[in-house]
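The block underneath contains the structure these notes are about, expressed in structure tokens.
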Amino acid sequence: MKTISLFLMALLPSVLPQKSVYDFTMKNIDGQEVSLADYKGKVLLIINVASLCGNTPQYKDIEALYSKYKDKGLVILGFPANNFLGQEPGTDSEIKSFCTKEYAVTFPMFSKISVKGKDIDPLYKYLTKKSENGVMDAPVTWNFQKFLIGRNGLLINSFSPRTLVTDAEMMKQIDAALK
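Numbering follows this note's numbering, with no gaps: position 71 of the sequence shown is 71.
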């Protein structure tokens, strides 16, 4: 009996469905609940953003990437976070206004969350911990870190905040995920 129990315990993790980003529900920038399962079958690029950061001009290229690839199945999800030197102090309404006026952002934006520390949002705990995502440890090091998610809802890779969405390696991985 003990042998059967050990066998079943060893087999169980491979039988259970793997956790994915589709298991999370988040509030969008307008305060409405959005199940990330709504994006099933899409390639996602999840980015923690901030309005007062040296990386903030990345919004321009991020929006251009979204406009170019959204019809091919790429969705960019922006998650404002104030974890780094108070660089996202605004309310959701102020953030939305800034992104719309300054960068004409049309990709989905979500309510401000914490992307690190004791109050880390469960989505970001999943994205940053190998024990959660099964792929890699990728702690958020600054604003505009990027997480590439495959059509199956699983993490493919994480990219440094300084890596632009126009980077050749990032584009290669996005293109591969879209095939």
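All C-beta atoms, glycine included, are put in the ideal place defined by N, C-alpha and C.
With a cut-off of 8 Å on the beta carbons, I'd call residue i and residue j a contact; round off their distance for me.
i, j, result
"Val21", "Leu45", "So it is not a contact: roughly 11 Å between Cβ atoms."
"Leu74", "Val165", "So it is not a contact: roughly 10 Å between Cβ atoms."
"Gly150", "Gln18", "Not quite, the Cβ-Cβ distance comes to about 12 Å (not below 8 Å), so this is no contact."
"Phe110", "Met26", "5 Å"
"Val115", "Ala168", "With 8 Å as the limit, Val115 and Ala168 do not qualify as a contact, their Cβ atoms being about 26 Å apart."
"Val140", "Asn48", "6 Å"
Under 7 Å Cβ to Cβ from residue i, same chain only, skipping five residues before and after it: list those, please.
i, result
"Tyr103", "Tyr59, Lys60 and Glu63"
"Glu33", "Thr25 and Lys27"
"Lys129", "Asp137"
"Ile156", "Leu148, Ile149, Gly150, Gln173 and Ala177"
"Lys191", "Past the boundaries of the shown model lies residue 191; the chain is included only from 1 to 179, so the question cannot be answered."
Candidates the options: which alpha carbon is nearest residue i's?
i, options, result
"Ala138", "Gly78, Leu127 and Gly150", "Leu127"
"Pro152", "Pro122, Ile29 and Val43", "The question names Pro, yet the displayed sequence has Asn at residue 152. Per the Cα distances, Val43."
"Asn28", "Ala177, Leu148, Asp119 and Phe107", "Phe107"
"Pro57", "Lys40, Asp30, Lys70 and Phe144", "Phe144"
"Gly41", "Lys70, Asn55, Gln87 and Thr91", "Lys70"
"Asn83", "Lys179, Arg162, Asp175 and Gly117", "Gly117"
"Asp30", "Thr163, Ser93 and Lys101", "Ser93"
"Gly90", "Lys72, Gly78 and Lys112", "Lys112"
"Asp121", "Tyr39, Phe79 and Gly54", "Phe79"
"Lys96", "Gly54, Asn55 and Ala50", "Ala50"
"Asn55", "Ile76, Glu88 and Leu77", "Glu88"
"Pro161", "Trp142, Leu154 and Asp175", "Trp142"
What residue range is occupied by the uninterrupted alpha helix (DSSP H) comprising residue i?
i, result
"Thr128", "Pro122 to Thr128"
"Lys68", "Gln58 to Tyr69"
"Met26", "From DSSP, Met26 is part of no alpha helix (DSSP H) but of the beta strand (DSSP E) over Thr25 to Lys27."
"Lys98", "It should be noted that the sequence gives Phe, not Lys, for residue 98. It spans Asp92 to Tyr103 - the alpha helix (DSSP H) in which Phe98 sits, taken as one unbroken run."
Can you name, in chain order, every residue of its own chain whose Cβ lies under 6 Å from the Cβ of residue i, other than the five neighbours on each side?
i, result
"Phe159", "Lys146 and Met170"
"Phe24", "Leu36 and Leu123"
Where do the N-terminal and C-terminal ends of the beta strand (DSSP E) with residue i fall, by residue?
i, result
"Glu190", "In the structure as shown, the chain starts at 1 and stops at 179, and residue 190 therefore has no counterpart that could be examined."
"Ser35", "Glu33 to Ser35"
"Phe147", "Lys146 to Ile149"
"Gly78", "Leu74 to Pro80"
"Leu164", "From DSSP, Leu164 is part of no beta strand (DSSP E); its letter is neither H nor E."
"Ile46", "Val43 to Val49"
In this structure, how does DSSP classify residue i when only helix, strand and coil are distinguished?
i, result
"Leu154", "coil"
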